[in-house]
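**Student:** All residue numbers for the sequence shown refer to this note's numbering, where the first residue is 2 and numbers rise by one.
For reference, the structure I am asking about is given below.
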Amino acid sequence: MADKVRLGFIGCGGVQQMHLEGVARIEEADITAVCDLKQDLAQETGAKYNAKPFTDHKQMLADVELDAVYIALPPFAHGLELDVIEKGLPFFVEKPVGMDLKLCREIAAGVKEKNLTTAVGYMSRYRAGVKRAKEIFNGDPPILLHGGWVGGTPNMTAPIHQWWVVKEKSGGQLVEQTTHTVDLVRYFCGDVAEVYAAATKGFVTGIPTFTIDDASLVTFKFKDGAIATLYSTCAANGGGGGVSLNVYALQHTIKLGGWALDAEILTKGAEPEKFAGEQNIFEIEDRVFIKAVKTGDRSDIMTDYADGVKTAAAAIAANQSMETGKPVTTEE
Ligand SMILES: NC(=O)c1ccc[n+]([C@@H]2O[C@H](COP(=O)([O-])OP(=O)(O)OC[C@H]3O[C@@H](n4cnc5c(N)ncnc54)[C@H](O)[C@@H]3O)[C@@H](O)[C@H]2O)c1
Numbered sequence: 002m003a004d005k006v007r008l009g010f011i012g013c014g015g016v017q018q019m020h021l022e023g024v025a026r027i028e029e030a031d032i033t034a035v036c037d038l039k040q041d042l043a044q045e046t047g048a049k050y051n052a053k054p055f056t057d058h059k060q061m062l063a064d065v066e067l068d069a070v071y072i073a074l075p076p077f078a079h080g081l082e083l084d085v086i087e088k089g090l091p092f093f094v095e096k097p098v099g100m101d102l103k104l105c106r107e108i109a110a111g112v113k114e115k116n117l118t119t120a121v122g123y124m125s126r127y128r129a130g131v132k133r134a135k136e137i138f139n140g141d142p143p144i145l146l147h148g149g150w151v152g153g154t155p156n157m158t159a160p161i162h163q164w165w166v167v168k169e170k171s172g173g174q175l176v177e178q179t180t181h182t183v184d185l186v187r188y189f190c191g192d193v194a195e196v197y198a199a200a201t202k203g204f205v206t207g208i209p210t211f212t213i214d215d216a217s218l219v220t221f222k223f224k225d226g227a228i229a230t231l232y233s234t235c236a237a238n239g240g241g242g243g244v245s246l247n248v249y250a251l252q253h254t255i256k257l258g259g260w261a262l263d264a265e266i267l268t269k270g271a272e273p274e275k276f277a278g279e280q281n282i283f284e285i286e287d288r289v290f291i292k293a294v295k296t297g298d299r300s301d302i303m304t305d306y307a308d309g310v311k312t313a314a315a316a317i318a319a320n321q322s323m324e325t326g327k328p329v330t331t332e333e
């Protein structure tokens, strides 16, 4: 490997720009190539970071020597991971890993076969407050969890909105957005045993392509006994929503709130602990991935590809329950 870790970026949209900003501050990293189907965006991004621009990821993989790849695509657009695997390259992929579980499992099998370093963009697991919570739950397991993601209706001005409101493209709010919270409850409680969910639609009007639910409620039962309910809506235009997760155990209550998941930890008979959520969380997770690629030590990676597939599977099972009205038993 060269002195610096040579990185290629596939997808140059909203979130990849956050990673590029973070990676640009990392000494050991080199932004070598960027790729987006949108030629203007690829060129603009390439010029900004002095990287070679491409509109075809296969061309990028063929033309440029890379040590690892960043993938940030809409949920429906996955699959090119197989080309990255064929090249034997480690990769970081933004959440959710996809919405087609068969494809995700095929990718996971390829990763396993080649023993590749991977990371999934569940950045909340890198937060100090979340790490402290996990430490506590190892000794005082969660019993009841509730939380979710409450926001307004997309105003359709950003590129993400074009695919986000189309269920066949995003998987819906739970699969695409509340997936962060699904991942956290899995992180705290272990494997899911059963999921049941309800959803509603028809309140949001005026966006012809809108096929996602307006709101959903999902209950997870975990193999170790905890129960969690997560709510999602993109129909709360009066404000007052946001991101939250409250966890109750015998001796502790842990409240996580806001995009940065500020944490408040209440312990029976002790002073509360508080952690402010890190604002540069993308850079923090990028540093971990790049260090793992450079050193081969994966121990600081919080969600690898196989784990990301389990989170995707839990949300996809919830979608299935919303459609059938029946509980779904999950296979892990
Ligand atoms: N971790 C987070 O907090 C966070 C935040 C936002 C988005 N995301 C996730 O990141 C992913 C991307 O979201 P976004 O907001 O960047 O979306 P976006 O629509 O802004 O960007 C996606 C980009 O991918 C490009 N693209 C699609 N197919 C491609 C292909 N085959 N080759 C090259 N480029 C291709 C599109 O042209 C587009 O520019 C989604 O899965 C989303 O859920 C994560």
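Every residue gets a Cβ at the ideal spot worked out from N, C-alpha and C, and that includes glycine.
Measuring from the CB of Val16, is there a heavy atom of ligand 1 at a distance below 6 Å?
**Tutor:** In the sequence shown, the residue the question calls residue 16 occupies position 15. Answer for Val16: yes, Cβ within range of ligand 1.
**Student:** Just how far apart, CA to CA, sit Thr312 and Ala52?
**Tutor:** The residue given as residue 312 occupies position 311 in the sequence shown. The residue given as residue 52 occupies position 51 in the sequence shown. Taking the straight line joining both Cα atoms gives about 33 Å.
**Student:** Is the distance from the Cβ of Asp287 to the Cβ of Val16 below 7 Å?
**Tutor:** Position 286 of the sequence shown holds residue 287. Position 15 of the sequence shown holds residue 16. Not closer than 7 Å, so no.
**Student:** Of the choices Ala227, Gly239, Lys135 and Glu324, whose alpha-carbon is the least far from that of Thr154?
**Tutor:** The residue given as residue 154 occupies position 153 in the sequence shown. Ranking Ala227, Gly239, Lys135 and Glu324 by Cα distance to Thr154 puts Gly239 first.
**Student:** With hydrogens ignored, establish whether the beta-carbon of Leu102 is closer than 6 Å to any heavy atom of ligand 1.
**Tutor:** Here residue 102 refers to the residue found at position 101 when the sequence shown is read from its first residue. Answer for Leu102: no, Cβ out of range of ligand 1.
**Student:** Measure the alpha-carbon distance for Asp308 versus Glu22 and round it to whole angstroms.
**Tutor:** Counting from one through the sequence shown, the residue named residue 308 turns up at place 307. Counting from one through the sequence shown, the residue named residue 22 turns up at place 21. Going by the C-alpha atoms only, they are around 26 Å apart.
**Student:** Need the endpoints of the beta strand (DSSP E) that Ile255 sits in, please.
**Tutor:** On the sequence shown, position 254 is the one that residue 255 refers to. Unbroken beta strand (DSSP E) run through Ile255: His253 to Gly258.
**Student:** Across which residues does DSSP place Ile208 in a beta bridge pair?
**Tutor:** What you label residue 208 is simply residue 207 of the sequence shown in a count that begins at 1. Paired residue(s): none; Ile208 is not in a bridge.
**Student:** Please go through the same chain and pick out, in chain order, the residues whose beta-carbon is closer than 7 Å to the beta-carbon of Arg187, but skip the five residues on each side of it.
**Tutor:** Here residue 187 refers to the residue found at position 186 when the sequence shown is read from its first residue. Hits under 7 Å: Val193, Lys311, Thr312 and Ala315.
**Student:** Do Arg128 and Leu262 come within 7 Å of each other at the CB atom, strictly closer than that value?
**Tutor:** Translated into the one-based positions of the sequence shown, residue 262 becomes position 261. Translated into the one-based positions of the sequence shown, residue 128 becomes position 127. Yes, these two residues count as a Cβ contact at 7 Å.
**Student:** So the candidates are Gly242, Glu114, His20 and Ala30; which of them puts its Cα closest to the Cα of Ile72?
**Tutor:** Here residue 72 refers to the residue found at position 71 when the sequence shown is read from its first residue. The residue with the shortest Cα to Cα distance from Ile72 is His20.
**Student:** Is DSSP giving Thr234 helix, strand or coil here?
**Tutor:** Translated into positions along the sequence shown, residue 234 becomes position 233. Reduced to three states, the DSSP call for Thr234 is strand.
**Student:** Output needed for Ser245: all residues of its chain with C-beta closer than 6 Å, excluding positions within five of it in sequence on either side, in chain order.
**Tutor:** Against the sequence shown, residue 245 aligns to sequence position 244. Gly148 and Gly258, listed in sequence order.
**Student:** Look up Thr26 in the DSSP assignment and say whether it is helix, strand or coil.
**Tutor:** Locating residue 26 in the sequence shown gives position 25, where the first residue counts as 1. One point to set straight first is that residue 26 is Arg, not Thr, in the sequence displayed. Three-state DSSP puts Arg26 in coil, outside helix and strand.
**Student:** When we look at the beta-carbon of Phe211 and count the other beta-carbons within 10 Å, is it buried (16 or more) or exposed?
**Tutor:** Your numbering for residue 211 matches position 210 in the sequence shown. Per the 10 Å Cβ criterion, buried.
**Student:** Would you say Asp37 touches ligand 1, meaning its beta carbon is less than 6 Å from a heavy atom?
**Tutor:** What you label residue 37 is simply residue 36 of the sequence shown in a count that begins at 1. Asp37 Cβ: within cutoff of ligand 1.
**Student:** I need the boundaries of the beta strand (DSSP E) containing Tyr123, first residue and last residue.
**Tutor:** The residue labelled residue 123 in the question sits at position 122 within the sequence shown. Tyr123 -> no beta strand (DSSP E), and no H or E assigned at all.
**Student:** With a threshold of 6 Å (Cβ to nearest heavy atom), would Gly122 be considered close to ligand 1?
**Tutor:** Within the sequence shown, numbered from 1, the residue matching residue 122 stands at position 121. True, at least one ligand heavy atom lies under 6 Å from that Cβ.
**Student:** Would you list, in sequence order, the uninterrupted alpha helix (DSSP H) runs of no fewer than 4 residues that lie entirely inside the region 235–313?
**Tutor:** 282–296, all fully within the region 235–313.
**Student:** Just verifying my parser: in three-state terms, what is the DSSP assignment at His147?
**Tutor:** The residue you call residue 147 lines up with position 146 of the sequence shown. Residue state, collapsed to three classes: strand.
**Student:** May I ask you to report which of helix, strand or coil DSSP gives Cys36?
**Tutor:** By 1-based counting over the sequence shown, the position of residue 36 is 35. Correct three-state label for Cys36: strand.
**Student:** Would you check if the region 163–180 and the region 134–144 touch, i.e. whether three or more CB-CB distances between them fall below 8 Å?
**Tutor:** As far as the Cβ criterion goes, the region 134–144 does not touch the region 163–180, which means the pair count is below three.
**Student:** Around the Cβ of Phe92, are there at least 16 other Cβ atoms within 10 angstroms (buried) or fewer (exposed)?
**Tutor:** The residue labelled residue 92 in the question sits at position 91 within the sequence shown. By the neighbour-count rule (16 or more Cβ atoms within 10 Å), Phe92 is buried.
**Student:** Closer than 6 Å to a non-hydrogen atom of ligand 1 - does that hold for the CB of Pro160?
**Tutor:** For the purposes of this step, residue 160 is taken as the residue at position 159 of the sequence shown. Yes, since a heavy atom of ligand 1 falls inside the 6 Å radius drawn around the Cβ of Pro160.
**Student:** Alpha carbon to alpha carbon, how far is Arg26 from Ala200? Give it in angstroms, no decimals.
**Tutor:** For the purposes of this step, residue 200 is identified with residue 199 of the sequence shown, where counting begins at 1. For the purposes of this step, residue 26 is identified with residue 25 of the sequence shown, where counting begins at 1. Taking the straight line joining both Cα atoms gives about 42 Å.
**Student:** Which of the three DSSP states, helix, strand or coil, is assigned to Arg128?
**Tutor:** Residue 128 sits at position 127 when you count from the first residue of the sequence shown. If DSSP states are grouped into helix, strand and coil, Arg128 belongs with coil.
**Student:** Let me check one thing: in DSSP terms, what residues is Asp31 bridge-paired to?
**Tutor:** Counting from one through the sequence shown, the residue named residue 31 turns up at place 30. Paired residue(s): Arg7.
**Student:** In whole angstroms, give me the CA-to-CA distance for Val183 and Trp150.
**Tutor:** Indexing the sequence shown from 1 puts residue 183 at position 182. Indexing the sequence shown from 1 puts residue 150 at position 149. Cα to Cα, the separation comes out at about 11 Å.
**Student:** Taking DSSP's pairing of strands, which residues face Phe223 in a bridge?
**Tutor:** Counting from one through the sequence shown, the residue named residue 223 turns up at place 222. Paired residues: Val193.
**Student:** For ligand 1, is there a heavy atom less than 6 Å away from the beta-carbon of Ile291?
**Tutor:** Along the sequence shown, one-based indexing puts residue 291 at 290. Result no, Cβ not under 6 Å from ligand 1.
**Student:** Taking the Cβ atom as the reference point for each residue, do Leu145 and Tyr249 lie within a distance shorter than 7 Å?
**Tutor:** For the purposes of this step, residue 145 is taken as the residue at position 144 of the sequence shown. For the purposes of this step, residue 249 is taken as the residue at position 248 of the sequence shown. Their beta carbons are under 7 Å apart, which means Leu145 touches Tyr249 by this criterion.
**Student:** Is Lys58 near ligand 1 - that is, is its Cβ less than 6 Å away from at least one heavy atom of it?
**Tutor:** What you label residue 58 is simply residue 57 of the sequence shown in a count that begins at 1. At residue 58 the sequence reads His, which differs from the Lys that was named. Correct: His58 has its Cβ closer than 6 Å to ligand 1.
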